[in-house]
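In the working numbering, the protein residues as written are 57 to 312.
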């Protein structure tokens, strides 16, 4: 019993008798700076980050393809201005609508090498956020170019053809959204760059078949409401996949 009391007194003296060592001010500041380096950096809100990245992606898109996209718009305007025959010109107009997606998409897929992917993961923003902004810029840029060309086409037509122009607008948006969804899938799964080239060749083959066979006429004869329903479905899929892409913090395990 006495031994236990002595041990307790010894422990009490040991705990209360030692004076903490004096901390050097420079060491304290160094420790604080070291700990701060491991603290998370404050991020802007999601809407601000999206706006900043998409704006930059638009600048990059026009910087790379200003000439090509300008020639494409001129070509679309030339189709509706000089090609005789309403049906033939509208078939070409619709089938050339996704051309900006193919052009920018080919550049996106071909430059998305393993080394570039690893480099982009060191950026301030995540790889998925950068990819998100590029896909949004490509899709919106294609829709803007197509809409501008269509407004020109509608302005030179007779008043009775405005309903036809609306049908062409809805019809042409379908392949744009379709190939935006395909491009998103290819970019996130990181398939071989040749996959996008194969898709482009398939579309060119379909274009030729539409011109030289009744497929083109049948395509334009489909009711506008059907194309509207398809467009809504594609837009929902595209937006859901974009949302999923934005929320990903690291590359999927399947990406190689």
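Note that the Cβ used here is the ideal one computed from N, Cα and C, for glycine as well. Fair warning: this is a prediction, and the values are worked out from it, not measured in the lab.
* If you count every other CB in all the chains shown that lies within 10 Å of the CB of residue 270, and 16 or more means buried, which is it? -> Stepping through the chain shown from its first residue, residue 270 is reached at position 214. So residue 270 counts as exposed.
* Asked: When you compare only the Cα positions, how much space is there between residue 183 and residue 274?
  -> Translated into positions along the chain shown, residue 183 becomes position 127. Translated into positions along the chain shown, residue 274 becomes position 218. Approximately 42 Å, taken between the alpha carbons.
* Count the CB pairs spanning the stretch 290–299 and the stretch 232–243 that are closer than 8 Å, and state whether there are at least three. => yes
* To do: Find out if the Cβ-Cβ distance for the pair residue 149, residue 272 is shorter than 8 Å.
  => Counting from one through the chain shown, the residue named residue 149 turns up at place 93. Counting from one through the chain shown, the residue named residue 272 turns up at place 216. No, they are not a contact pair.
* **Through-space distance from residue 131 to residue 251, alpha-carbon basis** => Translated into the one-based positions of the chain shown, residue 251 becomes position 195. Translated into the one-based positions of the chain shown, residue 131 becomes position 75. If I take the Cα positions, the gap works out to 27 Å.
* With distances taken Cα to Cα, identify the nearest neighbour of residue 197 among 232, 220, 146 and 134. => Residue mapping note: residue 197 aligns to position 141 of the chain shown, counting from 1. Residue 232 is the option with its Cα nearest to residue 197.
* If you draw a straight line from the alpha carbon of residue 157 to that of residue 185, how long is it in whole angstroms? -> Position 101 of the chain shown, counting from 1, holds the residue named residue 157. Position 129 of the chain shown, counting from 1, holds the residue named residue 185. One alpha carbon belongs to residue 157, the other to residue 185, and they sit about 19 Å apart.
* To do: Specify the secondary structure class of residue 235 as computed by DSSP and reduced to three states.
  => In the chain shown, residue 235 corresponds to position 179, counting from 1. Helix.
* Residue from 123, 109 and 207 whose Cα sits closest to the Cα of residue 225 -> Position 169 of the chain shown, counted from the first residue, corresponds to residue 225. Nearest of 123, 109 and 207 to residue 225, Cα basis: 207.
* Whole angstroms is fine: what's the gap from residue 204's alpha carbon to residue 86's? => By 1-based counting over the chain shown, the position of residue 204 is 148. By 1-based counting over the chain shown, the position of residue 86 is 30. Straight-line Cα distance between these residues: approximately 59 Å.
* To do: Using three-state DSSP, classify residue 280 as helix, strand or coil.
  => Numbered from its first residue, the chain shown carries residue 280 at position 224. Note: residue 280 maps to helix in three-state DSSP.
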